[in-house]
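Visitor: Residue numbers (the working numbering), protein chains in the order written: chain A, 1304 to 1468; chain B, 3 to 350; chain C, 2 to 337.
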Amino acid sequence: MLTTYRLTEHHTAGGMSRWLPYLSELQPEMFCEVSPELADTAGLDHLGWATIVTARAAIEARVLVTDRMVPVRVHDRIVHQVGLPYHWGRNGITTGDSANDLTHMALDPDVHIQEVKALTCDIRPGRRPRGPDRRRLVEEYQRRAGISATTGTTHRTTERLGKSG
Amino acid sequence: MTAGPPSGTEVRRDGLHRVAPGRDALIGSRGGRRPGRGGEVVPPAEFRSYYGRAVIKPPVWKAHNIAGYLFLGGAAGGATLLAAGADLTGRPDMRRAARLVSAGATGLSLAVLIADLGKPERFVHMLRVVKPTSPMSIGTWLLSGLSPLVAVAALDEVSGLLPRRWADLVGRLARPSRLAATAIAPAVTTYTGALIANTAVPAWHGAYRELPYLFGASALAAAGGLVAAASPTSEAAPARIAGIAGSVAAQLLDRAVHRRLGMLAEPLTKGRSGRLLRASRWCAGAGIALLTASAVRRSRTLGVAGGLALAAESALTKFGYFHAGTASAADPKYTVVPQREHAPATPA
Amino acid sequence: MTDNLLEGREDPARDSGYPQPPPRMGFFTDTSVCIGCKACEVACKEWNLIPDDGLSLLGMSYDNTGMLGADTWRHVAFIEQDRPLGRQNNAVALMPVGPSSAARNAQVVAAGLGDQHGARLGSETGATRLGPSPDGGPAQPVTADGRTELRWLMASDVCKHCTHAACLDVCPTGSLFRTEFGTVVVQEDICNGCGYCVPACPYGVIDQRKDDGRVWKCTLCYDRLSVGQEPACSKACPTDSIQFGPVDELRERAAHRVEQLHDAGVVEARLYGADPDDGVGGTGAFFLLLDEPEVYGFPPDPVVTTRDLPAMWRHAVIAAVGVAATALAAFAGARR
Ligand code: SF4
Ligand code: SF4
Chain A
1304 MLTTYRLTEH HTAGGMSRWL PYLSELQPEM FCEVSPELAD TAGLDHLGWA TIVTARAAIE
1364 ARVLVTDRMV PVRVHDRIVH QVGLPYHWGR NGITTGDSAN DLTHMALDPD VHIQEVKALT
1424 CDIRPGRRPR GPDRRRLVEE YQRRAGISAT TGTTHRTTER LGKSG
Chain B
3 MTAGPPSGTE VRRDGLHRVA PGRDALIGSR GGRRPGRGGE VVPPAEFRSY YGRAVIKPPV
63 WKAHNIAGYL FLGGAAGGAT LLAAGADLTG RPDMRRAARL VSAGATGLSL AVLIADLGKP
123 ERFVHMLRVV KPTSPMSIGT WLLSGLSPLV AVAALDEVSG LLPRRWADLV GRLARPSRLA
183 ATAIAPAVTT YTGALIANTA VPAWHGAYRE LPYLFGASAL AAAGGLVAAA SPTSEAAPAR
243 IAGIAGSVAA QLLDRAVHRR LGMLAEPLTK GRSGRLLRAS RWCAGAGIAL LTASAVRRSR
303 TLGVAGGLAL AAESALTKFG YFHAGTASAA DPKYTVVPQR EHAPATPA
Chain C
2 MTDNLLEGRE DPARDSGYPQ PPPRMGFFTD TSVCIGCKAC EVACKEWNLI PDDGLSLLGM
62 SYDNTGMLGA DTWRHVAFIE QDRPLGRQNN AVALMPVGPS SAARNAQVVA AGLGDQHGAR
122 LGSETGATRL GPSPDGGPAQ PVTADGRTEL RWLMASDVCK HCTHAACLDV CPTGSLFRTE
182 FGTVVVQEDI CNGCGYCVPA CPYGVIDQRK DDGRVWKCTL CYDRLSVGQE PACSKACPTD
242 SIQFGPVDEL RERAAHRVEQ LHDAGVVEAR LYGADPDDGV GGTGAFFLLL DEPEVYGFPP
302 DPVVTTRDLP AMWRHAVIAA VGVAATALAA FAGARR
């Protein structure tokens, strides 16, 4: 499971703050935060590289292992969390892959805001493939998960609203 | 300057404004845990630090400049003394050798010191003040005093090459400047010990009682060695004796420093410093043996080799101590562990 | 100059020759309310026009600054620990977690620093393997018996403006001077880059700027103080973790705050630098810490090096006499 959040050092997607040296030096690189348990399971190294893959894209980030991330128990399953700040992009003093590439085009059903707080992902050690290989990696995941262009495109809100009256 | 809503409390010279409400937030107060229970689960490490980072800043001095100066300054001071002695005891060849060594080493000393400043013209700022709390200030004045005096002495040796009027002037200045130089020189050899000890660098400060003696002795080894190498064997006896005495004393004092420092002596025995100081011991042994042999055999070749060995010993000692200090500053262990022993007790 | 005290209690401004100085000014940094926003770091750089000092991900929690230096006059430290804060119950207690990574991460960072131990700013850290056993064996299963607590310490470090400031004492040009507010400031047009103050500071504060060779550090915003303003960092601090004011008043306030925290169950709260009888005569900028000083990168019991300077001079003089005597003896011996 993946969640995104902001850092105090950057502003929204970083389009402004990544151009400011005083802010960029404080958070100089795109990273992902994982618990020590997930690091062990997935073979991730503190300060090493990881590739995060969702149904939409694959990005890379430096790994920060931290006790602040904890696995959560959902019924009988242990679910790991990957934390991603969403401040990076391809321009500015500090550049990096964008967490927004990963997120789905879905709105939160209650408030109709882009839903970026909980999505499923995989995380693997190492940097992401470059060029067409990157797309092939994502396609491979899509095939295994049975995801097609129409997956998740049904709009359920009206249905629900209709039912509850 | 700053627009927008007030952030925190503002403190001006006339008092407090807009006291922020959150200032006394009671962190950690929620929850049922009794104070003082549960306690520390951190395993007792050898010492703790902030991600292994150094606590103090290691010197920014370049080794070839400052360690080089520790050696050259010592050689200059020692050679000045030997020049005076050679002059008074009628050893003209040794006097010439000693005066040239002293002037050369002094000149090089100034050059490396100024080079280390980055911008040479900034050297004059040193001469704004005389500050007894700064051995570097006192040292600069000592060296600035010594340089013209030893320059006059060296010119006196080569006065044949000077125009007549200059040669006369140098001749008249020679005696007073020799007296003044002899008075300054011993301090030049020892103050450098106080200079590096007067820092927070653990391996240097910890040895502040021994370093001036060690550096003085090492200076005599260097000067004795260089002058012995540059003088004819028949005249060089005092240089040989001074060099050997300095060398023996330096090696004994090096032992004393190790004893004084305890765990702080580790940087002196490990890595680059360890190698340099072990090499200096070999040079000391070789130098003493060769100089003794040269005296017995009346051999100039042995004298040159032995003299240079003693000079090398001195240089290796100075570089070894320089690097050991830097290493002791770069590792938080050497700052934290000794201070922890007498640090205030930990609450809770 | 009046009597030159090298240790003990002192009114630094008066003893430096100001006949009627204003009260001594300083900082009380209460790290218990620091939220790690780094507003102080940025405000300081903005006001003092300090260059940025490079982009490097250090892996020290959210600290990518590393330490104070020529181009960092406020530094916010981040420390993650697997222990509770005061009486706080942490939600983590109910989670299925294994052993903490805090100690291992610190080792990874330290190992990446290499020989120099990150002695200079911005040293790059490399990655060290933390993952499954090196033989490629199966990954450790998630266990529920490991870390149950977490606290995240943050602290904004700064020049201490020592009562007995080693940097000032050893400066051979008089570039470092004592202001009427009892603070210690570098005059950049006088500093000649000799670098003596750098290893003299017992806190590792002052440092040389690589490209111009001169040294730089916190001025306690001397320019702002002179016109009745408070320093940029304390003004920017949203939680009043950084409090500015007359040192006497701050010390009282700090003592009160420690009591308050002890009552709240935060027994580990303690002051650092507030004691005028410590090795540097107390600092003008002092701290409330929640762990031992070295955990934040502070020396546990710093002593101003010049306390021992009179002894050093004594030894240097005796040694000089010894050198002269040995030379004399060498000539006497040779004559025989
Ligand atoms: S903390 Fe260091 S730089 Fe600051 S006044 Fe004290 S000795 Fe000087
Ligand atoms: S401004 Fe205040 S709260 Fe923010 S990091 Fe600095 S000290 Fe902490």
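The beta carbon of each residue, even a glycine, is placed where N, CA and C say it ideally should be.
Please confirm whether R148(C) has its beta-carbon closer than 8 Å to some beta-carbon of chain A.
Guide: Here the question's residue 148(C) lines up with position 147 in the third sequence. Yes, R148(C) lies at the interface with chain A (some Cβ there is under 8 Å from its Cβ).
Visitor: If you run the structure through DSSP and keep just helix, strand and coil, what is W63(B)?
Guide: Here residue 63(B) corresponds to residue number 61 of the second sequence, with the count starting at 1. W63(B) falls in the coil class under three-state DSSP.
Visitor: At the level of alpha carbons, what is the spacing between I243(C) and G298(C)?
Guide: Here the question's residue 243(C) lines up with position 242 in the third sequence. Here the question's residue 298(C) lines up with position 297 in the third sequence. I243(C) and G298(C): Cα-Cα distance of roughly 18 Å.
Visitor: What does DSSP give as the partner residues of E1363(A) in its beta bridges?
Guide: Numbered from its first residue, the first sequence carries residue 1363(A) at position 60. Bridge partners of E1363(A): T1354(A).
Visitor: Quick one: measure Cβ to Cβ for T194(B) and T82(B), integer angstroms, because I've assumed they're closer than 8 Å.
Guide: As a position in the second sequence, residue 194(B) is number 192, starting the count at 1. As a position in the second sequence, residue 82(B) is number 80, starting the count at 1. Not confirmed; about 15 Å, so no contact.
Visitor: Say the cut is 7 Å; is the CB of C160(C) nearer than that to a heavy atom of ligand 1?
Guide: What you label residue 160(C) is simply residue 159 of the third sequence in a count that begins at 1. Yes, ligand 1 has a heavy atom inside 7 Å of this Cβ.
Visitor: Taking the alpha helix (DSSP H) that H257(C) belongs to, which residues open and close that run?
Guide: Taking the first residue of the third sequence as position 1, residue 257(C) is located at position 256. Its alpha helix (DSSP H) spans residues 248 to 264.
Visitor: Considering only the alpha carbon of each residue, which of E250(C), D249(C), F245(C) lies closest to V13(B)?
Guide: Taking the first residue of the second sequence as position 1, residue 13(B) is located at position 11. Looking at the Cα atoms, F245(C) is the closest of the given residues.
Visitor: Determine the direct distance from the alpha carbon of I243(B) to that of A100(B), and round the result to whole angstroms.
Guide: The residue you call residue 100(B) lines up with position 98 of the second sequence. The residue you call residue 243(B) lines up with position 241 of the second sequence. About 14 Å.
Visitor: H1390(A) and L1329(A) - do their beta-carbons sit closer together than 8 Å?
Guide: On the first sequence, residue 1329(A) is found 26 positions in, with the first residue counted as 1. On the first sequence, residue 1390(A) is found 87 positions in, with the first residue counted as 1. No, Cβ-Cβ distance for L1329(A) and H1390(A) is not below 8 Å.
Visitor: What span of residues does the beta strand (DSSP E) with C1335(A) cover, start to end?
Guide: Along the first sequence, read from residue 1 onward, the residue named residue 1335(A) stands at position 32. First-last of the beta strand (DSSP E) with C1335(A): 1334 to 1337.
Visitor: Taking 7 Å as the cut-off, does the CB of A167(C) come closer than this to any heavy atom belonging to ligand 3?
Guide: Looking for ligand 3 in the displayed structure turns up nothing; the ligands present are ligand 1 and ligand 2.
Visitor: Suppose you measure from the CA of G266(C) to the CA of G87(C); what does that come to, to the nearest Å?
Guide: Position 265 of the third sequence, counted from the first residue, corresponds to residue 266(C). Position 86 of the third sequence, counted from the first residue, corresponds to residue 87(C). Those two C-alpha atoms are separated by around 5 Å.
Visitor: Going by the C-beta, is I58(B) closer than 7 Å to any heavy atom of ligand 1?
Guide: For the purposes of this step, residue 58(B) is taken as the residue at position 56 of the second sequence. No, the Cβ of I58(B) stays beyond 7 Å of every heavy atom of ligand 1.
Visitor: Mind checking whether the beta-carbon of Y273(C) lies closer than 7 Å to any heavy atom of ligand 1?
Guide: The sequence position of residue 273(C) within the third sequence is 272, counting from 1. Checking the Cβ of Y273(C) against ligand 1 gives no.
Visitor: Under the criterion of a Cβ to heavy atom distance below 7 Å, does C202(C) qualify as lining ligand 1?
Guide: Numbered from 1 along the third sequence, position 201 holds the residue referred to as residue 202(C). Checking the Cβ of C202(C) against ligand 1 gives yes.
Visitor: Looking at chain C, which residues of the segment 305 to 338 of chain B have a Cβ within less than 7 Å of any of its Cβ atoms?
Guide: Within the segment 305 to 338 of chain B, the qualifying residues are A331, A332, D333, P334, T337, V338.
Visitor: According to DSSP, is C163(C) part of a helix, a strand, or is it coil?
Guide: Counting from 1 along the third sequence, the entry for residue 163(C) is found at position 162. C163(C): strand per DSSP, three-state reduction.
Visitor: List the residues of chain A whose Cβ lies closer than 9 Å to the Cβ of G99(C), in chain order.
Guide: Against the third sequence, residue 99(C) aligns to sequence position 98. Result: S1338, P1339, E1340, D1343, P1374.
Visitor: Per DSSP, which one or two residues make a beta bridge with V378(C)?
Guide: Any question about residue 378(C) goes unanswered here, given that chain C covers just 2 to 337.
Visitor: Go to G147(B), then tell me how far its beta strand (DSSP E) extends in each direction, as first and last residue.
Guide: Walking along the second sequence from the start, residue 147(B) turns up at place 145. Here G147(B) belongs to no beta strand (DSSP E); instead the alpha helix (DSSP H) covers 137 to 159.
Visitor: Whose Cβ in chain B lies nearer than 9 Å to the Cβ of M155(C)?
Guide: Taking the third sequence and counting its residues from 1, the one referred to as residue 155(C) is at position 154. The contacting residues do not exist; M155(C) stays about 11 Å from chain B at best.
Visitor: Give me the Cα-Cα distance between L1326(A) and H1313(A), rounded to the nearest whole angstrom.
Guide: Within the first sequence, the letter at position 23 stands for residue 1326(A). Within the first sequence, the letter at position 10 stands for residue 1313(A). Using only the alpha carbons, I get a separation of about 7 Å.
Visitor: How about C163(C): is its Cβ closer than 7 Å to a heavy atom in ligand 1?
Guide: Within the third sequence, numbered from 1, the residue matching residue 163(C) stands at position 162. Yes - ligand 1 has a heavy atom lying nearer than 7 Å to the Cβ of C163(C).
Visitor: Which word fits E268(B), buried or exposed, when buried means at least 16 other C-beta atoms lie within 10 angstroms of its C-beta?
Guide: As a working mapping, residue 268(B) is identified with position 266 in the second sequence. It is buried - the Cβ of E268(B) has at least 16 other Cβ atoms within 10 Å.
Visitor: Here's the rule I'm using: 16 or more other beta-carbon atoms within 10 Å means buried, otherwise exposed. How should E1336(A) be labelled?
Guide: Against the first sequence, residue 1336(A) aligns to sequence position 33. E1336(A) should be labelled buried.
Visitor: Please check if any C-beta of chain C sits within less than 8 Å of the C-beta of H1415(A).
Guide: In the first sequence, residue 1415(A) corresponds to position 112, counting from 1. Cβ-Cβ to chain C under 8 Å: no for H1415(A).
Visitor: Could you tell me if M265(B) is buried or exposed, where buried requires 16 or more neighbouring beta carbons within 10 angstroms of its beta carbon?
Guide: Mapped onto the second sequence, residue 265(B) falls at position 263. Classification of M265(B): exposed, given that the 10 Å Cβ count is below 16.
Visitor: Can you have a look at S1451(A) and say buried or exposed, based on whether 16 or more other CB atoms are within 10 angstroms of its CB?
Guide: Along the first sequence, read from residue 1 onward, the residue named residue 1451(A) stands at position 148. Flag for S1451(A) reads exposed.
Visitor: Which residues mark the beginning and the end of the alpha helix (DSSP H) in which F324(B) is found?
Guide: On the second sequence, residue 324(B) is found 322 positions in, with the first residue counted as 1. Looking at the DSSP string, the run of the alpha helix (DSSP H) that includes F324(B) is 302 to 332.
Visitor: Under 8 Å, Cβ to Cβ, is there at least one residue of chain C near Q341(B)?
Guide: Stepping through the second sequence from its first residue, residue 341(B) is reached at position 339. Closer than 8 Å: yes.
Visitor: In terms of residue numbering, what span does the alpha helix (DSSP H) encompassing G1386(A) cover?
Guide: In the first sequence, residue 1386(A) corresponds to position 83, counting from 1. Careful: G1386(A) lies outside any alpha helix (DSSP H), inside the beta strand (DSSP E) at 1385 to 1388.
Visitor: Cα-Cα, which of C172(C), E42(C), S227(C) is closest to V199(C)?
Guide: Walking along the third sequence from the start, residue 199(C) turns up at place 198. If we check each option's Cα against that of V199(C), C172(C) comes out closest.
Visitor: DSSP puts L1428(A) in a beta bridge; with which residues?
Guide: Sequence index remark: in the first sequence, residue 1428(A) carries index 125 (1-based). In the sequence under discussion, the amino acid at residue 1428(A) is Pro, which differs from the Leu named in the question. DSSP, once it has assigned bridges, lists A1353(A) as partnering P1428(A).
Visitor: According to DSSP, is I80(C) helix, strand or coil?
Guide: One-based indexing of the third sequence puts residue 80(C) at position 79. If DSSP states are grouped into helix, strand and coil, I80(C) belongs with the strands.
Visitor: Tell me whether V62(B), by its Cβ, gets closer than 7 Å to a heavy atom of ligand 1.
Guide: The count along the second sequence starts at 1 and reaches residue 62(B) at position 60. Not so, every heavy atom of ligand 1 lies at least 7 Å from the Cβ.
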